[in-house]
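Reading through the structure tokens given below for one structure.
In the working numbering, the protein residues as written are 78 to 417.
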């Protein structure tokens, strides 16, 4: 990794003070989400595990923190012109809601494959949605076209210092609510949440280990950090749709410096961990949230005797498949075949 490389941000302007300022700025708009614990996760791991439940955040995901901070940080000209982003769902919803609250026009570029529940919610918050092909190149081209046409300011889903600072506020709350932690586990997709979390945690508690977790099918963060340059995942096949994105220069730079370890979770481990949280914590989480639970649940990380915090990122699950299955079985069952 050489200075000036296109994969490296020249500096990291986000500090603990930046994140604390973001917390004060967005405080009137966000929810201070709960921290939950359960013997079903604690006892097998031999640890005290605390889930920071951002599925209870506005729009159902941590993304609202970064989006709200970015919108409130705009200058007057940008507030009037509006903002644009690309998103598979949660960031788009978050920016749409933030813009609605602040009176800022929002345009969201979404892939045609985005979950319907997220597309509908984004439109319900007043954003203009533009669909594109499900590739990064298509997203970026659509964003560039909207900026050229309307003069929007880009609020990147994760490679934006304002967004990173906002996401870091969840870690501030986690440490306040749970007390001292030996380990903080966070999912990695594009790396915005992991970056904000790592900066906040390492500033407040340098001895706390920060572990990132990504789907085994989308393990670009581990490969990139090891190689010293960004190695994109391409089009990974994983149920954790929020973690399919690859790192970008700002997040790559932060994670390379501040994250202690990156591990992966298989699809089977993710599904089993999602079921555990649904069954034992009685809360709805999406697959991306189960990814950081998986290494603890399946004991891929040794945390015996330690206090562990996990950021649960969102709960925007497309429930149509579940309710369609129940309807097919109990409400509109197919007629039984006749033996005659």
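Backbone N, C-alpha and C fix where the C-beta goes; we use that ideal spot for every residue, glycine too.
Exposure of residue i, with buried meaning 16 or more beta-carbon neighbours within 10 Å
{"i": "residue 284", "result": "exposed"}
{"i": "residue 403", "result": "exposed"}
{"i": "residue 399", "result": "exposed"}
{"i": "residue 311", "result": "exposed"}
{"i": "residue 80", "result": "Low local confidence applies: a pLDDT of 38 at residue 80 is under 50, so the model's placement there is unreliable, with the coordinate-based value given in what follows. It counts as exposed."}
{"i": "residue 318", "result": "buried"}
{"i": "residue 227", "result": "exposed"}
{"i": "residue 369", "result": "buried"}
{"i": "residue 417", "result": "Here the model assigns residue 417 a pLDDT of 49, short of 50, so the residue's position is not dependable, and the following value carries that caveat. Exposed, because fewer than 16 other Cβ atoms sit within 10 Å of the Cβ of residue 417."}
{"i": "residue 296", "result": "buried"}
{"i": "residue 315", "result": "buried"}
{"i": "residue 219", "result": "buried"}
{"i": "residue 116", "result": "exposed"}
{"i": "residue 405", "result": "exposed"}
{"i": "residue 411", "result": "exposed"}
{"i": "residue 148", "result": "buried"}
{"i": "residue 212", "result": "exposed"}
{"i": "residue 381", "result": "exposed"}
{"i": "residue 407", "result": "exposed"}
Contact set for residue i: own chain, Cβ-Cβ below 7 Å, skip 5 residues either direction
{"i": "residue 182", "result": "159 and 176"}
{"i": "residue 206", "result": "185, 187, 196, 199 and 200"}
{"i": "residue 95", "result": "242"}
{"i": "residue 35", "result": "Nothing about residue 35 can be reported from this structure: the residues present for the chain run from 78 to 417 only."}
{"i": "residue 208", "result": "187 and 189"}
{"i": "residue 378", "result": "288, 340 and 372"}
{"i": "residue 394", "result": "361 and 363"}
{"i": "residue 300", "result": "308"}
{"i": "residue 178", "result": "106"}
Bridge-paired residues (DSSP) for residue i
{"i": "residue 230", "result": "160"}
{"i": "residue 320", "result": "Partner(s): none; residue 320 has no beta bridge."}
{"i": "residue 187", "result": "208"}
{"i": "residue 338", "result": "288"}
{"i": "residue 384", "result": "125"}
{"i": "residue 138", "result": "391"}
{"i": "residue 262", "result": "288 and 387"}
Cut-off 8 Å between Cβ atoms - residues of its own chain near residue i, not counting five sequence neighbours on either side
{"i": "residue 325", "result": "233, 235, 236, 267, 268 and 307"}
{"i": "residue 217", "result": "163"}
{"i": "residue 374", "result": "118, 121, 122, 346, 349, 350 and 353"}
{"i": "residue 320", "result": "264, 265, 266, 291, 292, 295, 365 and 368"}
{"i": "residue 223", "result": "161, 184, 186, 207 and 229"}
{"i": "residue 93", "result": "276, 277, 280 and 281"}
Below-8 Å beta-carbon distance, residue i vs any chain C residue
{"i": "residue 87", "result": "Chain labels in this structure do not include chain C; a single protein chain is all it has."}
Sequence-distant residues of its chain with Cβ nearer than 6 Å to residue i (five each side left out)
{"i": "residue 265", "result": "271, 289, 291 and 298"}
{"i": "residue 238", "result": "90 and 91"}
{"i": "residue 137", "result": "391, 392 and 393"}
{"i": "residue 86", "result": "326, 327 and 330"}
{"i": "residue 258", "result": "285, 384 and 386"}
{"i": "residue 277", "result": "96, 245, 248 and 249"}
{"i": "residue 128", "result": "113, 387 and 389"}
{"i": "residue 230", "result": "155 and 160"}
{"i": "residue 323", "result": "297, 309 and 310"}
{"i": "residue 333", "result": "302"}
Okay, do the region 137 to 146 and the region 233 to 250 touch, 3+ Cβ pairs below 8 Å being the bar?
-> yes
Considering only residues of the region 107 to 132, which uninterrupted alpha helix (DSSP H) runs meet the minimum length of 4 residues and lie entirely inside it, listed in chain order?
-> 116 to 122
Could you tell me whether the region 148 to 168 touches the region 286 to 293, where touching means 3 or more Cβ pairs closer than 8 Å?
-> no
Would you call the region 331 to 345 and the region 97 to 110 touching, i.e. three or more CB-CB distances under 8 Å?
-> no
With a cut-off of 8 Å, do at least 3 Cβ pairs link the region 388 to 398 to the region 364 to 378?
-> yes
Could you tell me whether the region 246 to 264 touches the region 350 to 361, using the rule of 3 or more Cβ pairs below 8 Å?
-> no
Could you give the uninterrupted runs of the alpha helix (DSSP H) lying entirely in the region 325 to 370, keeping only those of 4 residues or more?
-> 326 to 335 and 344 to 353
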